[in-house]
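Beneath this line is the structure, given in structure tokens, with notes to follow.
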Amino acid sequence: MLLNGPATIDEIKQSINGTTSAIMAQVKILIEQGLIEQKDDEYRLTHIGQIILKKIKPLIEALNVVEGNKEFWDSRDLSAVPDDLLDRIGDLGDVTIHEPDLNHLFEPPKELLVSLKSSANVCTFYSYFCPTCPCNYSELAKNEVNYNLILTKPVYERLRDEYTDQYNAIMQSQNSHLFVCHEQIITPGAISVTDDLMLLSFFNKKGFFDHKKVISFEENARQWGHEFFLHYKENAEQIK
């Protein structure tokens, strides 16, 4: 809380669940350790407190992401995520886990479909074939959205061979760019980044795709997702 600036004990109490006496006991410890200081009625971080807290904050953020959905993260194969992005997993922030029912198992989440309709920039990666996705791809292409699409080779070949109209719409669009990912690289299930949303899916540790997806609307999460997408774009060949 104090990273955002000085605060009175009443403001701290409003932000943290606890009694005044319990909070003051912790404040006393932090003052004794030289991490915070009191000036008039306000408490603020010392320079040492700022240094230490900036190191601790990524850990706290990572724990918030993981602990909030521990069963999900425990079951995911995260080997596709580069180490530098794993170190910043806390950037995902407030995430929700989308788990469709049997009637909507092969459909993208409604949040993604709504976002696609209003976004001017979209980046998508798929390593599995979603039956409804070719129509979504081509719709973005026809609307001349700035669209980058990366597919694994088997998914690309099925799009090209079985969905000719949608494939041609993508290839004819001036703002759509289609890439095929190198086969030897480890991949997640999917990455989608729009103007206001980030979606991720991973295979579970048994190598199966169970349709569970991570969704976040936070700016830091979108930046994280975009960097993840670029990792695959750098290891892909554009189809021209």
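The sequence shown begins at 965 in our numbering and counts up by one. Idealized CB from N, CA, C, for every residue including glycine. Source: prediction; values computed, not measured.
Leaving aside the five residues before and after GLU996 along the sequence, list all residues of the same chain whose C-beta is less than 8 angstroms from its C-beta, in chain order.
To locate residue 996, count along the sequence shown from 1; it is residue 32. So no residue of the chain qualifies.
What residue from LEU1161, SER1102 and GLU1031 has the CA that sits closest to GLN1138's CA?
Taking the sequence shown and counting its residues from 1, one reaches residue 1138 at position 174. Checking every option, the nearest Cα to that of GLN1138 belongs to SER1102.
Can you tell me which of the three DSSP states ALA1084 falls into?
Along the sequence shown, one-based indexing puts residue 1084 at 120. Looking at ALA1084 - three-state DSSP - the assignment turns out to be coil, as it is neither helix nor strand.
Report buried or exposed for LYS1003, applying the criterion of at least 16 other Cβ atoms within 10 angstroms of its Cβ.
Here residue 1003 refers to the residue found at position 39 when the sequence shown is read from its first residue. The residue is exposed, with fewer than 16 neighbouring Cβ atoms inside 10 Å.
Considering only heavy atoms of the ligand SAM, does any lie closer than 7 angstroms to the CB of THR984?
Ligands are entirely absent from the displayed structure, and the ligand SAM is therefore not among its contents.
Is the CB-CB distance between PRO1098 and LYS1177 below 8 angstroms?
Looking up residue 1098 in the sequence shown gives position 134. Looking up residue 1177 in the sequence shown gives position 213. No; because the gap between Cβ atoms is not below 8 angstroms, this pair is not in contact.
Is it the case that the Cβ atoms of LEU1077 and THR1158 are separated by a distance below 8 angstroms?
Within the sequence shown, residue 1077 is the residue found at index 113, counting from 1. Within the sequence shown, residue 1158 is the residue found at index 194, counting from 1. No, they are not a contact pair.
HIS1248: first and last residue of the uninterrupted alpha helix (DSSP H) it sits in
Residue 1248 lies beyond the range of the chain shown here (965 to 1204); nothing can be said about it.
Identify which residue in HIS1190, ASP1160 and LEU994 has its Cα closest to the Cα of ALA1084.
Here residue 1084 corresponds to residue number 120 of the sequence shown, with the count starting at 1. Among HIS1190, ASP1160 and LEU994, the Cα nearest to that of ALA1084 is on ASP1160.
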